[in-house]
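Taking it in order: structure first as structure tokens, then the write-up.
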Amino acid sequence: MEEKEIYFGFASNLSERKMAERGAKFLHRESAVLRGFRLEFNTNWKDDGFGYGNIVPDEESVVHGALYTCEKGSMANMDHEHIHEGNCLRRVTVRVEKSNGEVVEATAYRANEEFVKEGLKPSEVLSERNA
């Protein structure tokens, strides 16, 4: 069986267009929930005054997102923008719940602490989330 990569996307990575632009070749996408985290727009990624999406541990919260089953190599493609350009994010392994209740491990991105800044306004990604 061909090896696949499982990725949990949120914020701008809910957009199929953004995922394609970032080199993710996904075979399947479904809704999923990340428990024990909250979504904040506190990543000072591009130093443009906007906050980009980040998942922050919070036992009382959940993050709704998309679970992507991707072709092998897709995460390396996405790393180019998420990690290599500025080194502001890192890969983490999270446990997400699919709509059928099954819990699976997936890769997600979190901001490195030196790029977290409170009080930023959400970026324009909110208007294109489902584009």
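Here the sequence shown is numbered in our numbering, starting from 27 and rising by one per residue.
Note that CB positions come from ideal geometry on N, CA and C, so glycine has one too.
Treat the numbers as computed from the prediction; the structure is a model and nothing was measured.
| Item | Value |
| --- | --- |
| Taking the Cβ atom as the reference point for each residue, do Glu-131 and Asn-68 lie within a distance shorter than 7 Å? | no |
| Arg-64 and Ser-87 look like a contact to me (Cβ under 8 Å); what is the Cβ gap, rounded to whole Å? | 4 Å |
| Is the distance from the Cβ of Val-59 to the Cβ of Glu-123 below 7 Å? | yes |
| Would you kindly report the start and end of the unbroken alpha helix (DSSP H) that includes Lys-44? | 42-47 |
| Contact check, Asn-103 vs Arg-48 under 8 Å by CB: the rounded distance? | 7 Å |
| Helix, strand or coil: which one does DSSP assign to Asp-73? | coil |
| Cα-Cα, which of Ile-81, Asn-126, Lys-30, Ser-100 is closest to Lys-44? | Ser-100 |
| Look up Ala-137 in the DSSP assignment and say whether it is helix, strand or coil. | strand |
| Could you spell out the range, first to last residue, of the beta strand (DSSP E) harbouring Val-122? | 115-124 |
| Output the boundary residues of the beta strand (DSSP E) element that contains Lys-30. | 30-35 |
| Given a cut-off of 7 Å on the beta-carbon distance, is the pair Lys-51 and Thr-95 in contact? | no |
| Which residue's Cα is closest to the Cα of Glu-85: Gly-91, Arg-61, Phe-76? | Arg-61 |
| For Gly-145, which three-state DSSP category applies? | coil |
| Tell me whether the beta-carbon of Ala-92 lies closer than 7 Å to the beta-carbon of Leu-146. | no |
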